[in-house]
Structure formats: C-alpha cells, structure tokens
Amino acid sequence: MVVGVGFVLRKGRQDAERFQLGKALWYGNGAGCGAGRRWWREGYCGGDGGPAVREGEHVFGVAHIFASFNDTFIHVTDLSGRETLVRITGGMKVKADRDESSPYAAMLAAQDVSQRCKELGITALHIKLRATGGNKTKTPGPGAQSALRALARSGMKIGRIEDVTQFQRTAPVEGW
Numbered sequence: 001m002v003v004g005v006g007f008v009l010r011k012g013r014q015d016a017e018r019f020q021l022g023k024a025l026w027y028g029n030g031a032g033c034g035a036g037r038r039w040w041r042e043g044y045c046g047g048d049g050g051p052a053v054r055e056g057e058h059v060f061g062v063a064h065i066f067a068s069f070n071d072t073f074i075h076v077t078d079l080s081g082r083e084t085l086v087r088i089t090g091g092m093k094v095k096a097d098r099d100e101s102s103p104y105a106a107m108l109a110a111q112d113v114s115q116r117c118k119e120l121g122i123t124a125l126h127i128k129l130r131a132t133g134g135n136k137t138k139t140p141g142p143g144a145q146s147a148l149r150a151l152a153r154s155g156m157k158i159g160r161i162e163d164v165t166q167f168q169r170t171a172p173v174e175g176w
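Residue numbering for the sequence shown follows full-length UniProt numbering, starting at 1 and increasing by one per position.
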C-alpha cells in the first residue's frame with residue numbers, strides 16, 4: 001500500500017479494512033483527536049482533542065493579516081497554511097461600511113481572533129502582513145498596526161513578522 005498526499009493506492013480487497021482505518025486517521029472519525037482535521041499523526045493530539053504540549057512550550061499558528069484601505073482581514077492557519085483555524089474581518093465587527101478598515105475594527109477583529117486561538121490551544125503566532133500590492137499601493141492599510149498591537153496585547157506570543165506584499169515584477173506596458 002502506497003500512501004500519498006490525500007490518496008491511497010492499494011491492491012485487492014484485503015486492504016479495505018486498512019483503508020477505512022486510514023480514512024478515520026486522516027479525516028477524523030467524528031470524535032476525539034483530529035475530528036474533521038488532518039492532524040492524524042500519532043502522538044500529536046492529547047486526550048482532550050488538543051495538541052499535546054509540554055509546560056513552557058508554545059503552539060504556533062500563522063496569522064495572515066491583509067490590510068487594505070477598504071478592510072482588514074485576519075486569517076489564522078496552521079503552520080502549513082492549509083487548515084484555516086479562524087478568519088475574521090474588520091467588516092464583521094462594525095456596521096458602517098466606512099469603518100471596515102478603521103484601526104478600531106481591526107482591533108476588535110484581532111481580539112476575537114486571539115480569543116478563538118486560545119480556545120483552540122494556539123499560544124503563539126507568526127505574522128504575515130500583506131498590503132494590496134501589485135500595481136497598487138505597497139503600504140498596509142490603517143488597520144495593520146492596530147491589529148498587530150491588539151494580538152500582542154491580548155496575550156499571544158509573536159514569533160516572526162514578515163511582509164508578504166506582492167510587487168510587480170515587470171514594467172507596465174505603455175499603449176495597451
């Protein structure tokens with residue numbers, strides 16, 4: 001039996017039971033460790049369904065903060081970036097459209113993200129900050145600094161801070 005990423009190649013019918021067990025380990029069987037998640041490695045989950053962590057260790061996630069001049073998105077994933085843990089925007093926290101990108105909305109979103117991360121057992125975050133980029137502005141919006149500050153003040157440990165703003169690699173073509 002050859003195990004790949006998300007698929008299993010096998011011969012014959014005798015592996016049907018092993019396949020069902022593999023599916024339960026990979027996707028979760030609806031109860032206990034890894035239910036609905038891809039955290040299937042042995043020893044990763046503790047008895048309560050959360051990660052098994054020793055005293056003094058931190059469980060890291062990655063906070064992708066996209067701060068434009070229209071809204072601020074805070075999207076927390078696992079370290080691989082495949083599994084979304086929390087995603088909250090500034091527009092979800094305020095009623096007026098003009099306040100979506102405000103520092104206050106970003107602060108409220110970051111506080112909610114921090115609270116949800118603590119519930120999931122995430123104690124530290126690596127930050128990937130992004131502005132609009134491309135052929136538009138490379139400067140983060142007004143909510144970037146307050147979101148980062150609110151994450152730090154709410155008790156989350158901050159690992160690395162990285163600017164992942166996309167930039168244009170070719171000159172604009174005139175006459176198009």
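Where is the CB? At the ideal position from N, CA and C, for every residue including glycine.
The straight-line gap separating the alpha-carbon atoms of Ala150 and Gly91 is approximately 17 Å.
Contact check for Lys93 against Ala105 passes: the beta carbons are separated by less than 8 Å. Short of 6 Å from the beta carbon of Ile122, and not among the five residues preceding or following it, lie these beta carbons of its own chain, in chain order: Val59, Gly61. Look at Asp163 here: in three-state DSSP terms it is strand. By the neighbour-count criterion, in which a residue is buried when 16 or more other Cβ atoms sit within 10 angstroms of its Cβ, Ile161 is exposed.
In this chain, Gly91 is not harboured by any alpha helix (DSSP H), its DSSP state being neither H nor E.
Annotated three-state conformation of Gly61 is strand, per DSSP. The beta carbon of Ala67 is closer than 6 Å to those of Pro140, Gly141, Gly143, Ala144 in its chain, skipping five residues each way along the sequence.
A Cβ-Cβ distance of about 10 Å is found for the pair Ile88 and Ala147, leaving them out of contact under the 8 Å criterion. Within the model, the alpha-carbon separation for Arg54 versus Met156 is close to 17 Å.
In the three-state DSSP reduction, Arg130 falls in the strand class (E or B). When the beta-carbon positions are compared, Leu129 and Asp163 come within less than 8 Å of each other.
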